[in-house]
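Asks: Protein chains in written order, with my numbering: chain A, 1 to 250; chain B, 1001 to 1250.
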DNA sequence: GCCGAGAATGAATCCATCC
DNA sequence: AGGATGGATTCATTCTCGG
């Protein structure tokens, strides 16, 4: 390993770098759980009908990027980029390792394509139900996020069969350190797919929720983020020690 | 209209024919809500080409539910076929009409492609949460079905914004007349997208749940099914008159 | 009528075996 | 070799029936 960790303690390692630079150096990964940038926010729909572009601006997790509006090139580059990191992550993973990739509805078909093109066996779409609805102006309110999941070849033998739908309210207020942050309970739900002792990888760590959940479950973990501000936030969060009750908080 | 209705009463019409034969003759459709054959059911071709009862209810001892046809297409023909009927349905629809197409996780990306290629504006993925799931041995249990939805051009103005996730247990026992039957409450949920008085179309009627829900909501409806056994079941079900309580049973 | 034990069920999946 | 078939298996929930 030539890359230098930004943080390392208690089986948890953080790299402050581009995912594609670090992933080729990893091996022995037992589970990949991540929430990559969606590159969504309404920028990619070939949009014949949308009246007001402004309604997508800043309503999602990403700002609208006008230079990409209505251009399917980005849909394709999102596919290529997703395939690249997913393949690199799979190369470092053991046989049977599960992969979980968050996506919004817009990018879900591209994500399922990327997972398969990268060599993973796609096995399903799990749903994180946020328990509330946001009216989106044209019809149904979006109250769920999706997780495209699969395995590296045949699934490892497992004792736990988590449900394909998990209900949990989103993070709010001071606990929210990142615009796209997921609650730890959501990550613990997905980590039930990991076998005992599996090395957890999150190539787009953000504020470190996946790593925090892995730590609370007693699993070693590797996180990568290119933004040093988030590496710092995550490192602080992980340095706070394990939670009481053996990390089995509901 | 040259096709001869199999049943017609109280604003409800049933055609016993192939969807692609009848759809070109329809016009003025205000909402398309349907549950087409998924052509899904397993990673192995042998599993997919099995009869629907064998591949979907193999563990059960019940054999009284009729088989249904058109469930063994491969990926390419499923896409082409879906595009064809979706386009034909759109041609007969008024501007702003919503479309809702059920899918399982495996066919969801193909379904979103077909909806868009057929000229509909894709607007989201809604989730029917069944409340519990069937374990599949390799990881998460599948406890949801998905609804790809959109509109014919700009969405019609509406007052009702149904939630993007709806929880309701699946039909069981004698109320279940079709292997893939959806509860009426699920269909009423989707029909909230229809404007008042809209003509509802279900090209793959099955046992007629969509039509029954439309009838209870006071909406006119057209159903199509190629299997006369299901046309008979649906006609009987629709001839029973409106439910008490103004059709707002929970 | 209430409760609990045991059986049944589900738009599966995987593997062994037989043509 | 490759398609077709039979059957074991997984868990949450509901159903059935007896006490």
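Quick reminder that beta carbons are idealized off the backbone N, C-alpha and C, glycines included.
1) Can you tell me whether DSSP reads residue 1134 of chain B as helix, strand or coil?
2) Check for me: the beta strand (DSSP E) holding residue 1168 of chain B runs from which residue to which?
3) Measuring only the C-alpha atoms, how far is residue 15 of chain A from residue 122 of chain A?
4) If you draw a straight line from the C-alpha of residue 155 of chain A to the C-alpha of residue 1022 of chain B, how long is it?
5) Are at least three pairs of beta-carbons, each pair with one atom in the segment 1226-1243 of chain B and one in the segment 1125-1135 of chain B, less than 8 Å apart?
6) Could you please give me the residues that DSSP links to residue 1145 of chain B through a beta bridge?
7) Which partner residues does residue 151 of chain A have in the DSSP bridge list?
8) Would you decide whether residue 4 of chain A is buried or exposed? Buried here means 16 or more other CB atoms lie within 10 Å of its CB.
9) Could you tell me which residues DSSP puts in a beta bridge with residue 8 of chain A?
10) What residues of chain B sit near residue 38 of chain A, judged by a beta carbon separation below 9 Å?
11) May I ask which residues mark the beginning and end of the alpha helix (DSSP H) holding residue 1030 of chain B?
12) Over the uninterrupted beta strand (DSSP E) stretch that includes residue 201 of chain A, give me the two end residues.
13) Are residue 1162 of chain B and residue 1085 of chain B touching if we call contact CB-CB under 9 Å?
14) Expressed to the nearest angstrom, what Euclidean distance is found between the alpha-carbon atoms of residue 142 of chain A and residue 2 of chain A?
15) Going by DSSP in three states, residue 1222 of chain B sits in which element: helix, strand or coil?
16) Taking DSSP as the reference, what is the three-state secondary structure of residue 1103 of chain B?
17) Starting from residue 1113 of chain B, find everything on chain A with Cβ-Cβ shorter than 9 Å and list it in chain order.
18) By how many angstroms is the C-alpha of residue 1073 of chain B removed from the C-alpha of residue 1202 of chain B?
19) In terms of residues, what are the limits of the alpha helix (DSSP H) holding residue 1046 of chain B?
20) Taking the alpha carbon of residue 1179 of chain B as the reference point, which residue from B/1025, B/1038 and B/1067 has its own alpha carbon closest?
21) For residue 1170 of chain B and residue 1213 of chain B, what's the separation of their Cα atoms in angstroms?
22) Between residue 1151 of chain B and chain A, is there a C-beta pair that is closer than 9 Å?
23) For residue 159 of chain A, which option in A/195, A/78 and A/34 has the closest C-alpha, if you only look at C-alpha atoms?
24) Helix or strand or just coil, what does DSSP make of residue 1093 of chain B?
25) Going straight from the alpha carbon of residue 1221 of chain B to that of residue 1147 of chain B, what length do you get?
26) State the Cα-Cα distance for the pair residue 175 of chain A and residue 207 of chain A, rounded to the nearest angstrom.
Replies: Here's the rundown:
1) Residue 1134 of chain B falls in the strand class under three-state DSSP.
2) Taken as a continuous stretch (DSSP letters only), residue 1168 of chain B belongs to no beta strand (DSSP E), as it is neither H nor E.
3) 28 Å
4) 45 Å
5) Counting C-beta pairs with one atom in each stretch, the segment 1226-1243 of chain B and the segment 1125-1135 of chain B have fewer than three that are closer than 8 Å, which means they do not touch.
6) Per DSSP, the beta-bridge partners of residue 1145 of chain B are B/1128.
7) A/98 and A/121
8) exposed
9) A/13
10) None at all; the shortest Cβ gap to chain B is about 14 Å.
11) Looking at the DSSP string, residue 1030 of chain B is not in any alpha helix (DSSP H); the run it does join, the beta strand (DSSP E), is 1029-1034.
12) 199-202
13) no
14) Taking the straight line from one Cα to the other gives about 43 Å.
15) In the structure shown, residue 1222 of chain B falls within a strand segment according to DSSP collapsed to helix, strand and coil.
16) In the structure shown, the three-state DSSP call for residue 1103 of chain B is strand.
17) 109
18) 20 Å
19) 1045-1048
20) B/1067
21) 15 Å
22) yes
23) A/195
24) strand
25) Between residue 1221 of chain B and residue 1147 of chain B, the alpha-carbon positions lie close to 20 Å from each other.
26) Roughly 10 Å between the two C-alpha positions.
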